[in-house]
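J.:
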Amino acid sequence: MERRRSLALIDSNFRRRAAISHALAGGAIHVEPFEDIFELTMRWPRGGAVLVADEDCAVEDLIAHMTDHGEWLPLIAFSEGPDTGKVVRAVLAGALDYLEWPCDTARIITAIELAESAAASIGSLRLREARARSRVQKLTRREREVLEGVAGGLSNRLIGERLQISPRTVEIHRANMLTKMGAHHTSEAIRIAIEASLVA
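Each number in our numbering corresponds to the 1-based position in the sequence shown with 360 added.
1) On the DSSP bridge list, what partners appear for L459?
2) Straight-line CA distance for T529 to T500?
3) Which residues does DSSP list as the beta-bridge partners of E392?
4) Measure the C-alpha to C-alpha separation of L411 and E489 and round it to an integer number of angstroms.
5) Which of the three DSSP states, helix, strand or coil, is assigned to A413?
6) Under three-state DSSP, which class holds I525?
7) Determine the burial state of D371: buried for a count of at least 16 other Cβ atoms within 10 Å of its Cβ, exposed for fewer.
8) Taking 7 Å as the cut-off, does the CB of P434 come closer than this to any heavy atom belonging to the ligand SAM?
9) Let's test the definition: count the other Cβ atoms within 10 Å of the Cβ of F438 and tell me whether it reaches 16, buried, or not, exposed.
10) Quick check: V419 and A471, are their CB atoms within less than 8 Å of each other?
11) Would you mind reading off the limits of the alpha helix (DSSP H) that contains R406?
12) In whole angstroms, give me the CA-to-CA distance for E548 and H533.
13) Applying the criterion that 16 or more other CB atoms from any shown protein chain within 10 Å of the CB defines a buried residue, is L452 buried or exposed?
14) How is M361 classed by DSSP in three states: helix, strand or coil?
15) Do I436 and A409 have their beta-carbon atoms positioned less than 8 Å apart in this structure?
16) Helix, strand or coil for K498, going by three-state DSSP, please let me know.
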């Protein structure tokens, strides 16, 4: 027997939301319709995928919410007659697939299957990135500059010259940076900086 899949549908257009829900009803997909991202966050699904209408930065906002809260679900964007630029922006933001509505149920099921199979690895990567970013955000501007210098392989003296501060001050910033990031040593701080995309 085929597994029943769960799909959260976010679309502010009531008619289209009803049409998509109706098209998928009775099949292998259980649809939970939501008017907007806020409504979804009030009843966050335990699993499945999210199909979101690509309007008013909805894709970016949903990705930002999932990253900030460490709650990751595979995301599929859709719109009516999207141009290539719109599709590229959504995929770069984190959508795993993009559908042009209207489309048939088989295409939606295929998109969900592909998104779910990619979700585990991509989700854990996104969560690591989110945790790293939250650690880096605790740093002051100067501590972040010191971290960039450390990640660039510079000594305290060279970092000090670059920032026009003494090596001793660099040392103090470096110690504070490690404490705030919860890093036990410099290499761990560098790894966190890389995961946070602070350094390449």
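Just so you know, even glycine gets a beta-carbon here, dropped at the ideal spot from N, CA and C.
T.: Based on what the coordinates show:
1) F438
2) 14 Å
3) A368
4) Approximately 23 Å between the Cα atoms of the pair.
5) strand
6) coil
7) buried
8) What this structure holds is no ligand at all, so the ligand SAM is not there to describe.
9) buried
10) no
11) No alpha helix (DSSP H) holds R406; DSSP gives it neither H nor E.
12) 16 Å
13) It is exposed - the Cβ of L452 has fewer than 16 other Cβ atoms within 10 Å.
14) At M361, the pLDDT of 44 sits below 50, so the modelled position is not reliable; the number obtained from the coordinates is stated separately. In this structure, M361 counts as coil in the three-state DSSP scheme.
15) yes
16) coil
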